[in-house]
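Peer 1: First, the structure itself, so that you have it in front of you.
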């Protein structure tokens, strides 16, 4: 893997902790230039400092970036900065995520918070970065999804779940949407369930899990240009498996894109 990542530029969203942090570490260790994204610039700088001091990563390979995904305007600013400073982006890892809160929560943009942070922000970011994402060999988007997408359903007439809210249903919906998005023909993308890891999302799944580094290894493998991918493929750790039926339906892919365009509004 180490021979194919030097010279590659990778943006990893949500890379200040958990799987995202370990993904950034592994990619940098293998010679990639990693754009380390955090909710704030301060968090991103702190993460890059930890990578240099604790993981002995070459600081010249790291670039900290801040953007709060609960605000689509900040997603736009993030994309603009990446386009200006890194006109060639080889890989985008859509990893940032949060557990849906117990109480129904809406962002300033009017979207249910888990749907926006886990899916809509990544949808918007991916399309804004299209000019930089290289169409050449190895260029790709890796969506860090979840096996819980199989329990999800997209509430087309009430995607923000105003009428009926459940945190598990909201989270599962966001993961299903992210998995469906990988099959969008406008992007070269895959989605991956990295396993149940000991991160802040663990309570949604189980009482114990593997280390974030173990989960990150499955993400990094799919970033390797030497690993051939099929657009829309879904991986459970290192095995390609069929996703939920809805995730590969052309009609669902089109319908989701139309819904997402509507929800990101003039921000698209």
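Residue numbers (the working numbering): 86 to 353.
Ideal Cβ positions, reconstructed from N, Cα and C, are used throughout, including at glycine.
Here the structure is a predicted model, which means the values were calculated and not measured.
By DSSP's criteria, residue 123 is part of a beta bridge. Which residues make up the other side?
Peer 2: Partner(s): 151.
Peer 1: Decide if residue 197 is buried, meaning its Cβ has at least 16 other Cβ atoms within 10 Å, or exposed.
Peer 2: So residue 197 ends up on the buried side.
Peer 1: Can you tell me which residues form a DSSP beta bridge with residue 299?
Peer 2: In the DSSP output, where bridge partners are listed per residue, residue 299 has none listed.
Peer 1: State buried or exposed for residue 324, treating a residue as buried only when at least 16 other CB atoms are found within 10 Å of its CB.
Peer 2: Label assigned to residue 324: exposed.
Peer 1: Cutting at 6 Å between CB atoms, please list the residues of its own chain near residue 204, excluding the five before and the five after it.
Peer 2: If we look at residue 204 and ignore the five residues flanking it on each side, its Cβ neighbours are 259, 262 and 263.
Peer 1: Within this structure, are the beta carbons of residue 116 and residue 149 separated by less than 7 Å?
Peer 2: No, Cβ-Cβ distance for residue 116 and residue 149 is not below 7 Å.
Peer 1: Kindly indicate which residue of 329, 93 and 171 has the alpha-carbon position closest to the one of residue 232.
Peer 2: Of the listed residues, the one whose Cα sits closest to residue 232 is 329.
Peer 1: Could you have a look at residue 235 and say whether DSSP puts it in helix, strand or coil?
Peer 2: Residue state, collapsed to three classes: helix.
Peer 1: Once the 5 residues before and after residue 110 are set aside, which same chain residues still bring their CB inside 7 Å of it?
Peer 2: Hits under 7 Å: 136, 140 and 142.
Peer 1: Taking DSSP's pairing of strands, which residues face residue 95 in a bridge?
Peer 2: Residue 95 pairs with 119 and 176.
Peer 1: Exposed or buried, which one is residue 100 when buried takes at least 16 other CB atoms within 10 Å?
Peer 2: By the 10 Å Cβ count, residue 100 comes out buried.
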